[in-house]
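Remarks on the structure that follows.
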Amino acid sequence: MSYTATFERIEKKLLMTEDQYRALLPVLRKYMCPDIYFSSTNCSLYMDTPDFLLVRRALSKPEYKEKMRLRSYGVPGMNDPVFLEIKKKYDRIVYKRRISLGAEDAMNYLEKGMVPTPSTQILREIDYMRSRYQLIPAMVLCYDRHSYAEREESVNSLRITIDKNIRYRMDRLDLRKGDDGTLLLAPGTRLMEVKTTQAIPLWLAHAMTETGISMTSFSKYGHAYETVSAASSQHIILSA
């Protein structure tokens, strides 16, 4: 699989009901087309400190935030390619740096500290962040995604993804162990992410207005962490 090692873009997120999704779809298909990896199941292993410092910091909405995750497209086998990446956001701009590894090499690195070879600049950046925070596997998130690209290329380099069945787990922290988990949102709810280097096109802004879809601040990992934390707090109260 080919991939881009470095990204720099603006990302906007929107939550949709089933009805809003069905109303938006005809407009979306008019201007966008399925990309080369249109239908996929994305799986991510998020790295964090034992006390979840990175996600707690991100939820406070700082001007700058960063995270590290291991991503696969589908459940990987022992030697299937996965992508280890750091993602940073500053002043609304998202910067992503990632490398491709075999699944076993990636887990040996994340769990045992066995640094892959050869060394590259991006790997050194990843290793610095991992060592700085003493990161460990924290949560697996999986979802079913449809991806769209522009029918006609523009300066926006627009890409749209729509995710459903977002699910999470905090055990079996290895992408090779399946894509199951607890549903994060109500059935039928979809998360649309608009990714652009410039601005949201007028046709999409009009479609959002007509369907009542509005932008939101939403992090899959952050929302899952808050859900788990709330459940833990409730359990403590009930047990007291």
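Numbering (the numbering used here), first residue to last: 55 to 294. We put the beta carbon where it would ideally sit given N, CA and C, even for glycine. Bear in mind the structure is a predicted one, so any value in this text is a computation, not a measurement.
Local conformation of Ser-98 per DSSP, three classes: strand
Nearest-angstrom Cα distance between Asp-73 and Thr-215? 17 Å
I'd like to know whether the C-beta atoms of Asp-181 and Val-194 end up nearer to each other than 8 Å. no
Using the Cβ count rule (16 or more neighbours within 10 Å means buried), how would you classify Met-269? The residue is exposed, with fewer than 16 neighbouring Cβ atoms inside 10 Å.
Opening and closing residue of the beta strand (DSSP E) in which Glu-204 lies: Looking at the DSSP string, the run of the beta strand (DSSP E) that includes Glu-204 is 190–204.
Backbone CA spacing between Arg-76 and Asp-234 [nearest angstrom]: 26 Å
Three CB pairs or more closer than 8 Å across the region 171–185 and the region 206–225: no
So, using beta-carbon positions, are Thr-103 and Gln-188 closer together than 8 Å? yes
How about the region 270–284 and the region 82–90: do they share at least three Cβ pairs that are nearer than 8 Å? no
Here's the rule: buried if 16 or more other CB atoms are within 10 angstroms of the residue's CB, otherwise exposed. What is Tyr-118? exposed
DSSP puts Arg-152 in a beta bridge; with which residues? Glu-139
For Thr-250, does the count of other Cβ atoms within 10 angstroms reach 16, so buried, or fall short, so exposed? Under this definition Thr-250 is a buried residue.
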